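Here's the structure we're looking at; comments come further down.
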Ligand SMILES: C[S@@+](CC[C@H](N)C(=O)[O-])C[C@H]1O[C@@H](n2cnc3c(N)ncnc32)[C@H](O)[C@@H]1O
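Residue numbers (full-length UniProt numbering): 1 to 410.
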């Protein structure tokens, strides 16, 4: 494939935004594509594939390029050139291109040395799988032998998965609208359709009409895990922009009530917009801006979802830049927040009611161990019912954890 210098330069700039200005990769790519409306589908695919590819394989490609810390624009051009050489071998197993274009920016690249370094890098897991030392060590310590496969699976490109909104339509109608060859059902996830071809789904009329939301298949296991029945009161206490609140509303068939809460106002505003599009009529939102808010809701709800803030180490397929931005101190801090949320928010459940504690982390220290430690303190008050995980390696889904607990004594 012939390289187009304008697209390469735009990708280089995007990488600088991500790694120097610390901006989020998906926002950077989205903004770049939006501000270049003349680019065709192939140009857009080039930008997305190269920027995400390099972010995902950042450590390996830097190793092959012999760059320790990318600082100057020259470093990013070199990384981009080296990626053009190794990408076909690394991702598709194809023959590498013979040479790069003779652009001045690529002059320092020696393909022979690049491939020597690339092959050498593949011998060390943290370089081969492009992961910071501390995450590799934490993953190995917590997951043991399972870490290898999970880490490799977390480096795959995630498919686009839709959750059909049963308040408005059904799976076969959406499948027909999108094309049966494009949208395929996912065994064991009844409302999910996985796209076999990249589509700009948010531009489709069926999306604007609220027929579906984009939501990973593993994430779609969480709302049903709460064991809800029509007419129940449900609190989604870490609702964010409401991926799971909307699913809960659909499972309730717009009966009962959902109270969606979060500490961030703008997320709840986005949730309200999405709820209107989805035809949800049983949901209200509440900002958590003091401890009193939670205290005042003591023993008021039949079901509680705690989809707590976490490291996001289960969703690296979708957010590969987060592995470079995550710090050990954040992980320590967020584990304390998770324990506090579980301790304080669980009081909102009525006696005889149920709650689900969920994370999008593959680390037991944020998931199973938090629940074990809660259960140790609250054996008199709570029963542990069950727990489940979606595994990138086993299921091909993002890595989610969910545990169902029941409050004793009705
Ligand atoms: C994993 S995200 C939620 C994702 C959301 N449930 C969904 O399905 O789209 C965790 C959320 O918890 C919120 N959060 C962080 N600290 C919180 C706290 N102390 N109480 C309630 N929510 C909190 C964050 O703002 C974030 O939106």
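Glycine included, C-beta positions come from ideal geometry on N, C-alpha and C.
From a predicted model like this one, the values you see are computed outputs, not experimental measurements.
For residue 185, the residue or residues it bridges with in DSSP: Position 185 of the chain shown, counting from 1, holds the residue named residue 185. DSSP lists 193 as partners of residue 185.
Residue 397 in three-state terms, based on DSSP: Translated into the one-based positions of the chain shown, residue 397 becomes position 397. Of the three classes helix, strand and coil, the one that applies to residue 397 here is coil, per DSSP.
Look at the alpha carbon of residue 352 and the alpha carbon of residue 409, and state the distance between them as a whole number of angstroms. If you number the chain shown from 1, residue 352 lands on position 352. If you number the chain shown from 1, residue 409 lands on position 409. Rounded to the nearest angstrom, the two C-alpha atoms are 5 Å apart.
So what does DSSP say about residue 169, is it helix, strand or coil? Within the chain shown, numbered from 1, the residue matching residue 169 stands at position 169. In this structure, residue 169 counts as coil in the three-state DSSP scheme.
Based on Cα-Cα distance, which residue from 112, 90, 257 lies nearest to residue 100? Working through the chain shown from its first residue, we reach residue 100 at position 100. Per the Cα distances, 112.
Nearest to residue 268 by alpha carbon, out of 294, 239, 291, 258? Your numbering for residue 268 matches position 268 in the chain shown. Selected option, being the one with the closest Cα: 239.
Could you give the DSSP three-state label for residue 106: helix, strand or coil? Reading the chain shown from its first residue, position 106 is the one you call residue 106. Reduced to three states, the DSSP call for residue 106 is helix.
Can you list, in chain order, the residues of its chain with a C-beta nearer than 8 Å to that of residue 53? Leave out the 5 residues immediately preceding and following it. As a position in the chain shown, residue 53 is number 53, starting the count at 1. So the qualifying residues of the chain are 83, 87, 91.
Would residue 184 pass as a contact of residue 163 if the rule is Cβ separation under 7 Å? As a first step, residue 184 must be located in the chain shown, where it is residue number 184. As a first step, residue 163 must be located in the chain shown, where it is residue number 163. Cβ atoms of residue 184 and residue 163: not closer than 7 Å.
With a cut-off of 8 Å, do at least 3 Cβ pairs link the region 322–334 to the region 282–300? Counting Cβ pairs under 8 Å, fewer than three are found: no touch.
Does the beta-carbon of residue 343, which I'm using as the reference point, lie nearer than 6 Å to any heavy atom of ligand 1? Position 343 of the chain shown, counted from the start, is the residue given in the question as residue 343. Every heavy atom of ligand 1 is 6 Å or more from the Cβ of residue 343, so no.
Just to confirm the assignment: which complete alpha helix (DSSP H) runs, minimum length 4, are found wholly within the region 197–281? 205–208, 222–225, 243–251, 265–277
For residue 55, I'd like the list of residues in its chain whose CB is within less than 8 Å of its CB, leaving aside the five on either flank, ordered along the chain. Stepping through the chain shown from its first residue, residue 55 is reached at position 55. Closer than 8 Å at the Cβ level, and outside the excluded window around residue 55, lie 15, 18, 25, 320, 321, 324.
Report the residue from 57, 197, 170 whose alpha carbon sits nearest the alpha carbon of residue 45. The residue given as residue 45 occupies position 45 in the chain shown. Of the candidates 57, 197, 170, the one whose C-alpha sits nearest the C-alpha of residue 45 is 197.
At a threshold of 6 Å, does residue 127 count as lining ligand 1 (C-beta to nearest heavy atom)? Within the chain shown, the letter at position 127 stands for residue 127. Because no heavy atom of ligand 1 lies under 6 Å away, the Cβ of residue 127 does not count as near it: no.
Report the rounded CA-to-CA distance for residue 23 versus residue 231, giving the unit in angstroms. One-based indexing of the chain shown puts residue 23 at position 23. One-based indexing of the chain shown puts residue 231 at position 231. Straight-line Cα distance between these residues: approximately 43 Å.
Relative to the C-alpha of residue 13, which candidate in 66, 2, 79 has its C-alpha closest? By 1-based counting over the chain shown, the position of residue 13 is 13. Comparing Cα positions, the closest option is 79.
Given residue 348 as reference, the closest of 259, 379, 242, 310 once Cα atoms are compared: In the chain shown, residue 348 corresponds to position 348, counting from 1. When only C-alpha atoms are compared, the closest one is 259.
Rounded straight-line distance, which links the Cα of residue 61 to that of residue 41: As a working note, residue 41 is residue 41 in the chain shown. As a working note, residue 61 is residue 61 in the chain shown. Looking at the two C-alpha atoms, the distance is approximately 26 Å.
Under 7 Å between C-beta atoms of residue 119 and residue 63: Working through the chain shown from its first residue, we reach residue 119 at position 119. Working through the chain shown from its first residue, we reach residue 63 at position 63. Going by beta carbons, residue 119 and residue 63 fall outside the 7 Å limit.
So, using beta-carbon positions, are residue 222 and residue 402 closer together than 7 Å? The count along the chain shown starts at 1 and reaches residue 222 at position 222. The count along the chain shown starts at 1 and reaches residue 402 at position 402. Using a Cβ distance threshold of 7 Å, residue 222 and residue 402 count as a contacting pair.
Just reading off the alpha helix (DSSP H) that residue 318 is part of, what are its end residues? Locating residue 318 in the chain shown gives position 318, counting from the first residue. Neither: residue 318 is in no alpha helix (DSSP H) and is coded neither H nor E.
List the endpoints of the continuous alpha helix (DSSP H) containing residue 387. Start at 1 with the first residue of the chain shown, and residue 387 comes out as number 387. Taken as a continuous stretch (DSSP letters only), residue 387 belongs to no alpha helix (DSSP H), being part of the beta strand (DSSP E) at 382–389.
How long is the line joining the alpha carbons of residue 263 and residue 139, rounded to whole angstroms? As a working note, residue 263 is residue 263 in the chain shown. As a working note, residue 139 is residue 139 in the chain shown. Each residue's alpha carbon lies about 29 Å from the other.
Rounded Cβ spacing between residue 305 and residue 226 (contact assumed at less than 8 Å): The residue given as residue 305 occupies position 305 in the chain shown. The residue given as residue 226 occupies position 226 in the chain shown. At roughly 6 Å, the Cβ-Cβ gap stays under 8 Å, so residue 305 and residue 226 are in contact.
What are the boundary residues of the alpha helix (DSSP H) that residue 336 is part of? Working through the chain shown from its first residue, we reach residue 336 at position 336. Looking at the DSSP string, the run of the alpha helix (DSSP H) that includes residue 336 is 328–345.
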